[in-house]
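Enquirer:
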Amino acid sequence: MKARVLTTQLAAASALVVSGIFCWSSAVYADAGADFPKPSYNDKGEMIRPDLSYREWVYVGTPLTPNDLNPPEAPFPEFHNVYIHPSDFDHYKRTGQFPDGTVLIKELVLVGSNTAVSGKGYFMGEFTGLEATVKDSERFPDEPGNWAYFTFGHSYPLADSAAAFPAAACNACHEASAADDFVFTQYYPVLRAAKGVTSGRSMNEDDPAFESMASGMAAAMGIIFQPTAETADVASAVPTDKDELFRYLKSGAYKEFAAQESGQHATRGPHTNIGWPVRVFLDPVLDGSLAAGNAAHPLGSSAVKEMYDDDGDLQGWAVMVKTEQDSAGGGGWFWYEVTSTRSGDDPVATGNGVPLCFGCHFIGRDFVLTDYPLR
Ligand code: HEC
Ligand code: HEC
Numbered sequence: 028m029k030a031r032v033l034t035t036q037l038a039a040a041s042a043l044v045v046s047g048i049f050c051w052s053s054a055v056y057a058d059a060g061a062d063f064p065k066p067s068y069n070d071k072g073e074m075i076r077p078d079l080s081y082r083e084w085v086y087v088g089t090p091l092t093p094n095d096l097n098p099p100e101a102p103f104p105e106f107h108n109v110y111i112h113p114s115d116f117d118h119y120k121r122t123g124q125f126p127d128g129t130v131l132i133k134e135l136v137l138v139g140s141n142t143a144v145s146g147k148g149y150f151m152g153e154f155t156g157l158e159a160t161v162k163d164s165e166r167f168p169d170e171p172g173n174w175a176y177f178t179f180g181h182s183y184p185l186a187d188s189a190a191a192f193p194a195a196a197c198n199a200c201h202e203a204s205a206a207d208d209f210v211f212t213q214y215y216p217v218l219r220a221a222k223g224v225t226s227g228r229s230m231n232e233d234d235p236a237f238e239s240m241a242s243g244m245a246a247a248m249g250i251i252f253q254p255t256a257e258t259a260d261v262a263s264a265v266p267t268d269k270d271e272l273f274r275y276l277k278s279g280a281y282k283e284f285a286a287q288e289s290g291q292h293a294t295r296g297p298h299t300n301i302g303w304p305v306r307v308f309l310d311p312v313l314d315g316s317l318a319a320g321n322a323a324h325p326l327g328s329s330a331v332k333e334m335y336d337d338d339g340d341l342q343g344w345a346v347m348v349k350t351e352q353d354s355a356g357g358g359g360w361f362w363y364e365v366t367s368t369r370s371g372d373d374p375v376a377t378g379n380g381v382p383l384c385f386g387c388h389f390i391g392r393d394f395v396l397t398d399y400p401l402r
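The number in our numbering is simply the position in the sequence shown, starting from 1, with 27 added.
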């Protein structure tokens with residue numbers, strides 16, 4: 028009896044030793060990764076905000092698009108600290124590929140100060156936001172590359188859970204412009220080095236990679252300007268037929284709206300150019316709804332934004348009209364932008380559910396971003 032136990036123990040022990048010898052390196056990494064949970068999901072399929080142990084994952088890089096380089100205000104002025112789960116890093120290092128189940132987290136950190144004893148620069152201040160991307164063929168079989176994208180907010184308190192974005196809002200841009208399997212490794216020296224690509228690519232026009240990147244960008248642009256939903260005919264102060272709309276804008280009829288900004292101001296958005304002047308006009312339906320503090324605006328709600336150039340000359344218009352009761356992630360809104368005052372033949376975008384537009388406007392009150400009451 029005693030001997031039997033001993034034999035079993037010996038067998039178990041030698042099995043451990045043998046497996047230990049054969050799987051030494053992966054066992055070490057797998058153990059390191061196993062200490063860190065991967066994000067989990069609630070019963071609505073939303074990702075539950077990961078616990079802070081991601082700050083102990085493998086850190087890969089920190090892109091920064093500060094306000095001073097994007098005057099007067101960058102859309103995302105924070106540091107973007109990016110982390111990858113340790114077991115995914117191990118796999119990437121060994122195979123050069125992101126395994127199924129890969130998780131990357133992007134934590135946003137405000138620029139705190141611009142001077143230190145070492146000199147002028149950008150120094151990290153407070154944590155302010157959190158985003159994540161996950162490659163999961165089981166959970167997201169229909170997403171391009173099986174990558175899904177989540178944001179828990181850009182200011183505290185962060186959301187406890189987040190639904191995956193529609194592919195067009197996040198995934199399309201990553202697919203077209205990121206260097207390696209939807210991930211922006213061109214900005215993550217730790218990942219490039221891990222894969223053995225030691226010299227980072229500089230994206231100047233002499234670089235052979237520039238062309239493929241530029242054509243990728245162009246493809247993404249093609250997608251993100253295209254409408255994704257039908258435009259229903261609704262009664263609205265601002266028309267949604269492309270030609271009729273251009274004539275309407277040329278006529279200046281929207282200037283009759285009582286709700287209008289008192290003058291031009293620098294845009295926070297990319298319309299024409301970040302920082303160039305804009306002026307917003309709201310029809311009575313949208314104005315009334317914003318005044319009432321509604322979470323969703325009524326059918327026909329319309330907004331016109333005049334866009335000016337640096338010299339204050341009118342360059343074109345951006346328009347939104349709500350054509351469905353349900354905003355459906357941006358598909359219930361008609362979006363239009365033209366950057367000419369002479370011809371309406373070639374608008375930047377026209378139609379419902381234009382990803383470029385709702386991808387930014389989704390953070391607004393039912394997609395409306397203008398500061399209200401109007402300035
Ligand atoms: C216009 C293109 C574009 C769109 C649209 C976009 N991203 Fe990104 N994303 C980037 C770039 C560029 C980086 C790397 C540099 C940086 O962080 O500024 C990045 C990095 C990330 C990262 C870090 C991991 C990685 O893949 O490199 C996450 C997470 C992320 N984005 C989430 C999102 C989410 C969530 C959305 C949709 C709400 C989104 N992105 C939409 C361009 C885009
Ligand atoms: C990068 C973010 C971003 C993108 C992309 C974007 N917008 Fe905007 N938009 C804004 C911001 C910010 C405002 C608030 C006024 C301002 O600062 O210009 C705004 C205001 C507007 C307004 C005035 C009503 C309102 O919601 O405040 C209209 C109309 C508009 N945008 C239309 C569009 C259309 C059409 C597109 C796509 C062709 C688009 N926008 C794409 C950021 C964006």
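All C-beta atoms in this analysis are idealised placements derived from N, C-alpha and C, irrespective of residue type, glycine included.
Taking the straight line between their C-alpha atoms, what separation do you get for D336 and P304?
Expert: The sequence position of residue 336 within the sequence shown is 309, counting from 1. The sequence position of residue 304 within the sequence shown is 277, counting from 1. Spanning the two alpha carbons is a distance of roughly 7 Å.
Enquirer: Using three-state DSSP, classify L276 as helix, strand or coil.
Expert: As a first step, residue 276 is located in the sequence shown; it is residue number 249 there, counting from the start. Three-state DSSP puts L276 in a helix.
Enquirer: Can the beta-carbon of V136 be found closer than 8 Å to that of F179?
Expert: Locating residue 136 in the sequence shown gives position 109, where the first residue counts as 1. Locating residue 179 in the sequence shown gives position 152, where the first residue counts as 1. Contact: no.
Enquirer: When the Cβ atoms of the segment 167-181 are set against those of the segment 361-377, are three or more pairs found closer than 8 Å?
Expert: no
Enquirer: In angstroms with no decimal places, state the Cα-to-Cα distance between R219 and V109.
Expert: Mapped onto the sequence shown, residue 219 falls at position 192. Mapped onto the sequence shown, residue 109 falls at position 82. One C-alpha to the other measures close to 14 Å.
Enquirer: With DSSP as the reference, identify every bridge partner of P304, one or two as the case may be.
Expert: The residue you call residue 304 lines up with position 277 of the sequence shown. P304 is bridged to A293.
Enquirer: Of all residues in the structure, which have a C-beta closer than 7 Å to any heavy atom of ligand 2, taken in chain order?
Expert: P102, T294, R295, G296, P297, H298, V305, V307, A330, V331, K332, A345, V346, M347, W362, Y363, E364, V375, A376, V381, L383, C384, G386, C387, H388, G391, F394, V395, L396 and T397
Enquirer: Given S370, which residues of its chain have a CB within under 6 Å of its CB, disregarding the five upstream and five downstream residues?
Expert: Here residue 370 refers to the residue found at position 343 when the sequence shown is read from its first residue. Hits under 6 Å: none found.
Enquirer: With 16 other CB atoms within 10 Å as the buried threshold, where does A206 fall?
Expert: Working through the sequence shown from its first residue, we reach residue 206 at position 179. A206 is buried by the Cβ-count criterion.
Enquirer: Ligand 1 and H201: does the residue's C-beta get closer than 7 Å to at least one heavy atom of that ligand?
Expert: As a first step, residue 201 must be located in the sequence shown, where it is residue number 174. Yes, the Cβ of H201 comes within 7 Å of a heavy atom of ligand 1.
Enquirer: My understanding is that P93 touches I251, with C-beta atoms under 8 Å, so please give their C-beta distance in whole angstroms.
Expert: In the sequence shown, residue 93 corresponds to position 66, counting from 1. In the sequence shown, residue 251 corresponds to position 224, counting from 1. 25 Å between Cβ atoms; not a contact.
Enquirer: When you compare each of Y399, A323, L317 and T129 to P64 by their alpha carbons, which one comes out closest?
Expert: Sequence index remark: in the sequence shown, residue 64 carries index 37 (1-based). For P64, the nearest C-alpha among the options comes from T129.
Enquirer: The beta strand (DSSP E) with Y86 in it runs from where to where?
Expert: Position 59 of the sequence shown holds residue 86. From DSSP, the beta strand (DSSP E) with Y86 extends over V85 to G88.
Enquirer: Going along the chain, which unbroken runs of the beta strand (DSSP E) with 3 or more residues stay wholly within the segment 72-159?
Expert: 85-88, 106-111 and 130-143
Enquirer: If you measure from the CB of T155, is any heavy atom of ligand 1 nearer than 7 Å?
Expert: For the purposes of this step, residue 155 is identified with residue 128 of the sequence shown, where counting begins at 1. Incorrect: T155 has no Cβ contact closer than 7 Å to ligand 1.
Enquirer: When we look at the beta-carbon of D270 and count the other beta-carbons within 10 Å, is it buried (16 or more) or exposed?
Expert: Taking the first residue of the sequence shown as 1, we reach residue 270 at position 243. Burial call: exposed.
Enquirer: Using DSSP with H/G/I as helix, E/B as strand and the rest coil, what is T366?
Expert: What you label residue 366 is simply residue 339 of the sequence shown in a count that begins at 1. It is coil, neither helix nor strand.
Enquirer: Going by CA-CA distance only, name the one from V395, D163 and Q352 that's closest to V331.
Expert: As a working mapping, residue 331 is identified with position 304 in the sequence shown. Of V395, D163 and Q352, the residue nearest in Cα terms is V395.
Enquirer: Please determine whether the Cβ atom of H107 lies at a distance below 7 Å from any heavy atom of ligand 1.
Expert: One-based indexing of the sequence shown puts residue 107 at position 80. Checking every heavy atom of ligand 1 against the Cβ of H107, one is found closer than 7 Å.
Enquirer: Cutting at 6 Å between CB atoms, please list the residues of its own chain near E288, excluding the five before and the five after it.
Expert: As a position in the sequence shown, residue 288 is number 261, starting the count at 1. Excluding sequence neighbours, E288 sits near R306, V307, L401 and R402.
Enquirer: Please check the pair E100 and R392, which I expect to be a contact at CB under 8 Å, by giving their CB distance rounded to whole angstroms.
Expert: Against the sequence shown, residue 100 aligns to sequence position 73. Against the sequence shown, residue 392 aligns to sequence position 365. Not really, about 20 Å apart at Cβ, beyond 8 Å.
Enquirer: For a quick check, are the C-beta atoms of D127 and S182 less than 8 Å apart?
Expert: The residue you call residue 127 lines up with position 100 of the sequence shown. The residue you call residue 182 lines up with position 155 of the sequence shown. It is not a contact, given that the beta carbons lie outside the stated cut-off.
Enquirer: To which residues of the same chain is L157 closer than 6 Å at the C-beta, ignoring the five residues directly before and after it?
Expert: One-based indexing of the sequence shown puts residue 157 at position 130. Answer for L157: E134, F179 and L185, listed in chain order.
Enquirer: Do you know how far the Cα of N69 is from the Cα of S188?
Expert: In the sequence shown, residue 188 corresponds to position 161, counting from 1. In the sequence shown, residue 69 corresponds to position 42, counting from 1. C-alpha separation (whole angstroms): 8 Å.
Enquirer: Measuring straight from C-alpha to C-alpha, what distance separates D398 and K277?
Expert: For this step, residue 398 is matched to residue 371 along the sequence shown. For this step, residue 277 is matched to residue 250 along the sequence shown. Note on geometry: alpha-carbon atoms of D398 and K277 lie some 25 Å from one another.
Enquirer: For K269, which of helix, strand or coil comes out of DSSP?
Expert: Counting from 1 along the sequence shown, the entry for residue 269 is found at position 242. Residue state, collapsed to three classes: helix.
Enquirer: Identify the continuous alpha helix (DSSP H) that holds F385 and give its terminal residues.
Expert: For this step, residue 385 is matched to residue 358 along the sequence shown. That run of the alpha helix (DSSP H) goes P382 to H388.
Enquirer: Using three-state DSSP, classify Q213 as helix, strand or coil.
Expert: Within the sequence shown, numbered from 1, the residue matching residue 213 stands at position 186. In the structure shown, Q213 sits in a helix (DSSP, three-state: H, G or I).
Enquirer: Three-state secondary structure (DSSP) at M334?
Expert: To locate residue 334, count along the sequence shown from 1; it is residue 307. Shown here, M334 sits in a strand according to DSSP, grouped into three states.
Enquirer: Consult DSSP for K162 and reduce its assignment to one of helix, strand or coil.
Expert: Locating residue 162 in the sequence shown gives position 135, where the first residue counts as 1. Three-state result, K162: strand.
Enquirer: Checking 8 Å against the spacing of the C-beta atoms, do V348 and V217 come in under that value?
Expert: On the sequence shown, position 321 is the one that residue 348 refers to. On the sequence shown, position 190 is the one that residue 217 refers to. No, the Cβ-Cβ distance between V348 and V217 is not below 8 Å.
Enquirer: Kindly indicate which three-state DSSP category N173 falls into: helix, strand or coil?
Expert: On the sequence shown, residue 173 is found 146 positions in, with the first residue counted as 1. Helix.
Enquirer: Can you find a heavy atom of ligand 1 that lies under 7 Å from the Cβ of S182?
Expert: If you number the sequence shown from 1, residue 182 lands on position 155. Incorrect: S182 has no Cβ contact closer than 7 Å to ligand 1.
Enquirer: Under 7 Å from any heavy atom of ligand 1, does the C-beta of F211 make it?
Expert: What you label residue 211 is simply residue 184 of the sequence shown in a count that begins at 1. Because some heavy atom of ligand 1 lies under 7 Å away, the Cβ of F211 counts as near it: yes.
Enquirer: What residues in its chain sit with their C-beta under 8 Å from that of R82, if we drop five residues either side in the sequence?
Expert: By one-based count along the sequence shown, residue 82 stands at place 55. Contacts found: Y110 and E134.
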